[in-house]
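Q: Residue numbers (our numbering): 67 to 328.
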Ligand SMILES: [Zn+2]
């Protein structure tokens, strides 16, 4: 964790400090070695089973947001279940930054708990997945500027995320081995929870726009209007194709997901 409580104030880890975990009230110790990013650790097991060891990637992402939005403890009043959201914006949108592998079950539990959320996934963790995306992206069918339908989503995107009912933003940027690929460096790819035939809807978003929208509370509105625009566009396209082929018009295959943006 980045923060622990000392005299009821949220404090970052510094050598020799001990603090209190805001989630469980147990003592935590500052870990300030050279191998890992400075953090607070529980003496035994971390109280939130969903918590993953933080990397610089996590810290860099979180640092784009105000301190009071970072590591927010959320509680389900009915069950008493508590979790630490990586970022929770002023209007209640949770942004979870995921570097490690995640099982479908854990993914769904977190989506059910946070409800109003977006994932940001480190797409460079596995070199083979990263490479598959890079090789496939030039073949994506561009339906309008920066909106794409990948031909084979299961091949070019990490499979674990395809069934998510909330937007999944892939961060495929990496300084380690992407030196020649400038096109992708400053963009994210957002997978929308919409299936279009066998494909999915991907939008290329400048990193800065994604962060600005979250900071000024526009993410939910923007997502909504984007999906509305795209669905009109796709239904139109489908109608035109049906007319051209003089075939009976098929039912719309644009399925709206159960987004719960407030
Ligand atoms: Zn704790």
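C-beta atoms are modelled at their ideal positions from N, C-alpha and C, and glycine is treated no differently.
Here the structure is a predicted model, which is why all the values come from computation and not from measurement.
1. Beta carbon of residue 370: closer than 7 Å to some heavy atom of ligand 1?
2. So what does DSSP say about residue 232, is it helix, strand or coil?
3. Considering Cα atoms alone, identify which of 229, 272, 199, 233 is closest to residue 186.
4. My guess is that residue 213 and residue 133 are in contact by the Cβ rule of under 8 Å, so how many angstroms apart are they, rounded?
5. For residue 262, count neighbouring C-beta atoms within 10 Å of its own C-beta (all shown protein chains included) and say buried if the count is 16 or more, exposed if not.
6. Helix, strand or coil for residue 203, going by three-state DSSP, please let me know.
7. Residue 183 to residue 155, Cα distance in whole Å?
8. To the nearest angstrom, how far is it from the Cα of residue 71 to the Cα of residue 79?
9. With burial defined as no fewer than 16 other Cβ atoms inside 10 Å of the residue's Cβ, what is the status of residue 68: buried or exposed?
10. So, residue 283 versus residue 82, is the Cβ gap smaller than 8 Å?
11. Do the CB positions of residue 108 and residue 97 come within less than 8 Å of each other?
12. Between the Cα of residue 253 and the Cα atoms of 272, 264, 236, 265, which residue gives the shortest distance?
13. Buried or exposed for residue 171, going by 16 or more other Cβ atoms inside 10 Å?
14. Taking all protein chains shown into account, do 16 or more other C-beta atoms lie within 10 angstroms of the C-beta of residue 115, making it buried, or fewer, making it exposed?
15. Check whether the Cβ of residue 149 lies closer than 7 Å to any heavy atom of ligand 1, and answer yes or no.
16. Using a Cβ-Cβ cutoff of less than 6 Å, which residues in the same chain neighbour residue 122 once the five nearest sequence positions on both sides are dropped?
17. Pull the bridge partners of residue 96 from the DSSP assignment, please.
18. For residue 116, which beta-bridge partners are listed by DSSP?
19. Please go through the stretch 142-220 and give each complete beta strand (DSSP E) segment of 3 or more residues, from N-terminal end onward.
20. By the three-class DSSP mapping on this structure, what secondary structure does residue 222 have?
21. Is it buried or exposed, residue 75, if we count other Cβ atoms within 10 angstroms and call 16 or more buried?
A: On the basis of the data shown:
1. Given that the chain is displayed from residue 67 to residue 328, the structure contains no residue 370 and the question cannot be resolved.
2. In this structure, residue 232 counts as coil in the three-state DSSP scheme.
3. Of 229, 272, 199, 233, the residue nearest in Cα terms is 233.
4. About 34 Å; that fails the 8 Å criterion.
5. Residue 262 is buried by the Cβ-count criterion.
6. Here residue 203 sits in helix by DSSP.
7. Between the alpha carbons of residue 183 and residue 155 lies a gap of roughly 10 Å.
8. Rounded to the nearest angstrom, the two C-alpha atoms are 10 Å apart.
9. So residue 68 counts as buried.
10. Not in contact: residue 283 and residue 82 (Cβ atoms no closer than 8 Å).
11. Contact flag unset, no.
12. Considering only alpha carbons, the answer is 272.
13. In this structure residue 171 is exposed. Its beta-carbon is surrounded by fewer than 16 other beta-carbon atoms within 10 angstroms.
14. Around the beta carbon of residue 115, fewer than 16 other beta carbons lie within 10 angstroms, which makes this residue exposed.
15. Placement of the Cβ of residue 149 at a distance of 7 Å or more from every heavy atom of ligand 1 is found.
16. The residues 103, in chain order, have a CB closer than 6 Å to that of residue 122 in the same chain once the five nearest residues on each side in sequence are set aside.
17. Residue pairing by DSSP places residue 96 opposite 106 in a beta bridge.
18. Paired residue(s): none; residue 116 is not in a bridge.
19. Whole beta strand (DSSP E) segments, 3+ residues: 148-154, 160-164, 183-188, 207-210, 213-215.
20. Reduced to three states, the DSSP call for residue 222 is helix.
21. Burial check for residue 75: the Cβ neighbour count within 10 Å stays below 16, so the residue is exposed.
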